[in-house]
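If you read the sequences in order, they're chains A and B. Every number in our numbering is 13 more than the matching position in the first sequence, counting from 1. Every number in our numbering is 13 more than the matching position in the second sequence, counting from 1. Here a beta-carbon is modelled for each residue, glycine too, at the ideal position from N, C-alpha and C. Below: one structure, written as structure tokens.
Number of protein chains: 2
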Amino acid sequence: MAVYTDVAADDLTTFLAGYELGELLSYKGIAEGVENSNFLVHTRKGHFILTLYEKRVVAGDVPFFLALMEHLAARGINCPQPVKTRGGEALGHLCGRPAAIVTFLDGMWIRRPDPRHCYAVGVALAKLHLAGLDFPQQRRNALSVDSWRALYDHSAARADSVQPGIASTVESELTHLEQRWPQDLPKGVIHADMFPDNVFFLDNTLSGLIDFYFACTDTLAYDVAICLNAWCFEPDHSYNVTKGRELLQGYMRTRALSPAELDALPLLARGAALRFLLTRLTDWLNVPEGALVRPKNPIEYLRKLRFHQTIASVRDYGVLPERAGA
Amino acid sequence: MAVYTDVAADDLTTFLAGYELGELLSYKGIAEGVENSNFLVHTRKGHFILTLYEKRVVAGDVPFFLALMEHLAARGINCPQPVKTRGGEALGHLCGRPAAIVTFLDGMWIRRPDPRHCYAVGVALAKLHLAGLDFPQQRRNALSVDSWRALYDHSAARADSVQPGIASTVESELTHLEQRWPQDLPKGVIHADMFPDNVFFLDNTLSGLIDFYFACTDTLAYDVAICLNAWCFEPDHSYNVTKGRELLQGYMRTRALSPAELDALPLLARGAALRFLLTRLTDWLNVPEGALVRPKNPIEYLRKLRFHQTIASVRDYGVLPERAGA
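Okay, structure coming up:
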């Protein structure tokens, strides 16, 4: 949850004067998103989300995110759409930060996903991958295998203070993944952060996707691996193979996974677990002064990583035999 | 800012089934209010605020607050109105906490109030006092002079760790106020927390009052003293006599202050400053683990208290001579 930057009504009124949104009626900081400051804004024209991009989002990347949302929405993906200024700009500045207004999406995120939700997420992820195939822009994944070691360097000295043994696990895992990370699998636009709080449902039907601020050009199957981590573990960190099967079936019925993609899935899942372990470790050890964010415990992803290390074949994730590259 | 309790969509759906509000379409935790968890809820019937009353609000007091809002709204005060269940109940339970739904109020709170805003606040406070005169319920002010010493006891040993000298200032002030606190001034319903973030404006016109969760039966002029503290100091802690005059004039044109009330104002203002100093000191020294609230610095109110200690007469607050009990 986060509102890092408070916005004064006068400043917001001035900002909104550049849009065709009518009089500002109310705005409230919302306790969602950990990277940016988000406000629910009510104007004469309706409800909108105002996002102020905080320092962890590179300002130069914001046009990519906004163009991507527009591209995906035009292809039937229900996601927030940037609202443009009278001058046709999607990106502005407010309180010294890049800022944008997007449409408000109804729907709730599911705190306790069940297998049906996982199936729906698989379908939605595959549709997103297909809809992104002709997106012309590229953005490097700043949080993939070639960045992990540098990211870990910030935490290495103190990693074992969180739990003894993290350092050696991470160091050997880094080496393992760097040597084996697949380079030739199908690439495209990935969401890269499709956690339950970024997927909206209405009456158990998936109604929309939000938060494209980690989206980038990367291996599509890696996005599937992120979702396995994000959706298919129970609160006690055990892997739920039914959820995994549903997620993978939903995905594969919409976009086939090649034998090479399926074979790589355990390794990609280890990478995804390590990626979230590393960012959470960084956040855990470096809570900025005055932060209004409770860092997420990195141990959850240490346990997921150790689970993936035991996986012998993609079948262990719930892929049915006839699908598992047989 | 605060969302202390996360609410799952399923639980909220079940809760809302008791109301005539139609299908739940979305809800978001909002970063406002430091005592309770607040959610902006969108249903087929519109937008509402859901409040979960956290432990600092005594469950037994909630019916008072809800009945008061209903009473005031019926008398023309624009404040949130409780939405009742099909069974006519304003108060329910959700996630193990007392919970209520109130109507959503448009309007923005003013980060940088100017004298016009202070005038409007004075008028609104007086109207609230008048509208509350025939409210039949009573609630003792749990944060008035007879509670301050016990409140301070929690912080006394560590008070000087915040700033050397706080302890001696507080101790002598407690004695001073306990001996002189006025008992016979007009009493009634007071808001008791009418800070800028609880007063909404639309286009510089005061449009509504929110957050009645400190409201109680107490000395009306004490509420004025709270507002002097909350509205009439600059960010550098200097007192702005123009703002003070406007606030007092707005109030007095709506409800006259008797000579006895005016004479008591400097003492009441010291008390109000001490009350917020003490609660902030408590919060500052006792941040609960996992808190998502940044405690407010108590020093602001130490400085305000020391200012009020120098006040010789109510004229120093900006009351014009002809009004100042002359």
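The stretch 118-128 of chain B makes no contact with the stretch 138-158 of chain B, as fewer than three CB pairs between them are under 8 Å.
Under the rule that a run must span 3 or more residues, the beta strand (DSSP E) segments found entirely inside the stretch 18-86 of chain A read 37-42, 50-56 and 59-65. In the structure shown, the three-state DSSP call for A273(B) is helix.
Per DSSP, the unbroken beta strand (DSSP E) holding I203(B) starts and ends at K200 to I203.
Proximity of chain B to D19(A) at the Cβ level (cut-off 8 Å) is accounted for by R124, in chain order. Chain-order list of chain A residues neighbouring Y40(B): M121, by C-beta distance under 8 Å. Non-local beta-carbon contacts of G89(A) in its own chain, meaning distances under 8 Å to residues more than five positions away in sequence, involve K140 and A144 in chain order. With contact defined as three or more Cβ pairs closer than 8 Å, the stretch 278-287 of chain A and the stretch 314-327 of chain A are in contact.
L107(B) and L38(B) do not touch by the CB rule: their CB atoms are close to 18 Å apart, not below 8 Å.
Chain A places no beta carbon closer than 8 Å to that of I312(B), leaving this residue out of the contacts. Here D236(A) is actually not in contact with K200(A); their C-beta atoms are around 10 Å apart, not less than 8 Å.
Of the candidates D296(A), L34(A), L53(A) and L81(A), the residue whose Cα lies closest to the Cα of A169(A) is D296(A). Contact with chain A is found for H55(B), since one of that chain's Cβ atoms lies less than 8 Å from the residue's Cβ. Counted as a single uninterrupted DSSP element, the beta strand (DSSP E) harbouring T232(B) occupies residues C229 to T232. For P272(A), the number of other beta carbons within 10 angstroms of its own is below 16, and it is reported as exposed. Listed along chain A, the residues sitting closer than 8 Å to I43(B) by beta-carbon distance are K41, G42, I43, A44 and L53.
Excluding residues up to 5 positions away in sequence, T56, R57 and K58 lie with their Cβ nearer than 6 Å to the Cβ of G35(A) in the same chain.
In the displayed model, G109(B) falls within coil according to three-state DSSP, outside both helix and strand. Pairing A285(A) with N242(A) gives a Cβ-Cβ distance under 8 Å. For A180(B), no Cβ of chain A is located within less than 8 Å of the residue's own Cβ. Out of P195(A), L190(A), H250(A) and L164(A), the CA that lies nearest to the CA of N299(A) is found in L164(A).
Put simply, of P149(A), R293(A), Q196(A) and V75(A) the residue whose alpha carbon is nearest the alpha carbon of E274(A) is Q196(A). Only residues of its own chain outside the window of five on either side were considered, and among them R288 have a CB closer than 6 Å to the CB of L156(A), listed in chain order. Across the structure, E184(A) and R293(A) are spaced so that their CA atoms are roughly 16 Å apart.
Distance from the CA of E83(B) to the CA of N91(B), rounded to the nearest whole angstrom, comes to 10 Å. Listed along chain A, the residues sitting closer than 8 Å to A22(B) by beta-carbon distance are M121, W122, I123, R124 and F214. Residues are counted here when their Cβ sits less than 7 Å from a Cβ of chain B; for the stretch 55-73 of chain A these are H55, given in chain order. I114(A) has L63(A) and V96(A) as its beta-bridge partners, per DSSP.
Contact of L37(B) with chain A by beta-carbon distance below 8 Å involves M121.
Collapsing the DSSP output to three states places L318(A) in a helix.
When DSSP states are grouped into helix, strand and coil, F289(B) belongs to the helix group.
Inter-residue distance for Q151(A) and D166(A) is about 27 Å (C-alpha atoms, whole angstroms). The DSSP-derived three-state label of G221(B) is strand.
Pairing A44(A) with F320(A), the inter-Cα distance amounts to about 31 Å.
F148(B) is bridged by DSSP to nothing; it lacks a bridge partner.
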